[in-house]
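Heads up, the sequence shown is in my numbering, so the first residue is 8 and it goes up one at a time.
Yeah, the Cβ is synthetic: ideal placement off N, Cα and C, and Gly gets one too.
Only one structure is covered here, and it is reproduced in the block below.
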Amino acid sequence: MVTLVVVTKAQPAEMIRAAHSAGCKDFGENYVQEAVAKIAALGDLALTWHFIGRLQSNKAREVAERFDWVHGVGTVRLAHALSKGRPTTLPPLNVCLQMNISGEASKGGVRAGEVVALAREVAGLPGLRLRGLMGMASYSDNVEGQRAQFVQVRQGAQALRVAGFEVDTLSMGMSADLEAAIAEGATMVRIGTAIFGERQGKAAAA
Ligand SMILES: *Cc1c(COP(=O)(O)O)cnc(C)c1O
Numbered sequence: 008m009v010t011l012v013v014v015t016k017a018q019p020a021e022m023i024r025a026a027h028s029a030g031c032k033d034f035g036e037n038y039v040q041e042a043v044a045k046i047a048a049l050g051d052l053a054l055t056w057h058f059i060g061r062l063q064s065n066k067a068r069e070v071a072e073r074f075d076w077v078h079g080v081g082t083v084r085l086a087h088a089l090s091k092g093r094p095t096t097l098p099p100l101n102v103c104l105q106m107n108i109s110g111e112a113s114k115g116g117v118r119a120g121e122v123v124a125l126a127r128e129v130a131g132l133p134g135l136r137l138r139g140l141m142g143m144a145s146y147s148d149n150v151e152g153q154r155a156q157f158v159q160v161r162q163g164a165q166a167l168r169v170a171g172f173e174v175d176t177l178s179m180g181m182s183a184d185l186e187a188a189i190a191e192g193a194t195m196v197r198i199g200t201a202i203f204g205e206r207q208g209k210a211a212a213a
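Right under this line is the structure:
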């Protein structure tokens, strides 16, 4: 089964309310300030919130207090900050470790050889629950080129299982490459543009 995470950066709260009425439950945001306001405005709905953006450790507490998932934990430092910031009244925060599968310096995440070591650190933190891996492919207009990147996430998850971790989530695939990601075993796709059309404003640059 593939879970659709509806990416609502740059969309107003009313749009999220409408998507919820249409049956969507999982929503992805990647700017802390923007998300915090929308989560507060939609507090009457039972939604699952996914933080999918780049996160600085100094904003970790805000995210750990309000979100259900963080995709893209790429450093031990961030993992510690999220664990420390997670209120003990809430269940542990679900996290995916981010893998850098494109080799681009502009994208965060660890290389394949570093995944197991990061998982060992994260698995020991009381505020976090390690669920799997997340990856973002660089632009490629052919499915084979996209799959060649996503396969690394699938192999990373296998390496985690061999090392004794129970992982059930491969978060990969956006509007431009969801078919390739699903072909490589994605269990969560993060889709914005294909649902809402092109974004306006600052989020369009992300
Ligand atoms: C914006 C974003 C998405 C959604 O991208 P679309 O191309 O609009 O589907 C998915 N994942 C991350 C991390 C994003 O920042």
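Taking residue i as the reference, which of the options has the closest Cα?
{"i": "Leu185", "options": "Asp33, Arg161, Gln153 and Ala170", "result": "Gln153"}
{"i": "His57", "options": "Gln165, Cys103, Gly81 and Glu128", "result": "Cys103"}
{"i": "Ser109", "options": "Ala155, Gly92 and Ser64", "result": "Ala155"}
{"i": "Ser28", "options": "Leu52, Gln162 and Tyr38", "result": "Leu52"}
{"i": "Gly79", "options": "Ala124, Met143 and Leu97", "result": "Met143"}
{"i": "Lys16", "options": "Gly120, Glu41 and Gly92", "result": "Glu41"}
Apply the 10 Å Cβ neighbour rule to residue i and answer buried if 16 or more other Cβ atoms are within range, or exposed otherwise.
{"i": "Gly180", "result": "buried"}
{"i": "Thr176", "result": "buried"}
{"i": "Val9", "result": "exposed"}
{"i": "Thr95", "result": "exposed"}
{"i": "Ala86", "result": "buried"}
{"i": "Gly30", "result": "exposed"}
{"i": "Gly60", "result": "buried"}
{"i": "Val196", "result": "buried"}
{"i": "Ala47", "result": "exposed"}
In the DSSP assignment, what are the bridge partners of residue i?
{"i": "Leu125", "result": "Answer is none; Leu125 lacks a bridge partner."}
{"i": "Ser178", "result": "Met141 and Met195"}
{"i": "Gly35", "result": "Val14 and His57"}
{"i": "Val160", "result": "According to DSSP, Val160 bridges with nothing at all."}
{"i": "Gln105", "result": "Met141"}
{"i": "Arg68", "result": "For Arg68, which the question treats as bridged, DSSP gives no partner whatsoever."}
{"i": "Val136", "result": "At residue 136 the sequence reads Arg, which differs from the Val that was named. Arg136 is bridged to Asn101."}
Got a sec, what are the start and stop residues for the beta strand (DSSP E) residue i sits in?
{"i": "Gln207", "result": "No beta strand (DSSP E) contains Gln207, which DSSP labels as neither H nor E."}
Return the first residue and the last residue of the alpha helix (DSSP H) that residue i is part of.
{"i": "Val80", "result": "First-last for Val80: Trp76 to Val80, but that is the beta strand (DSSP E), not the alpha helix (DSSP H)."}
{"i": "Val117", "result": "Premise fails: Val117 is in no alpha helix (DSSP H) and is neither H nor E."}
{"i": "Phe203", "result": "Thr200 to Phe203"}
{"i": "Gly92", "result": "Val83 to Gly92"}
{"i": "Ala25", "result": "Ala20 to Ser28"}
Could you check how far apart the C-beta atoms of residue i and residue j are, in whole angstroms? I think they sit under 8 Å.
{"i": "Val43", "j": "Glu69", "result": "6 Å"}
{"i": "Leu54", "j": "Phe34", "result": "6 Å"}
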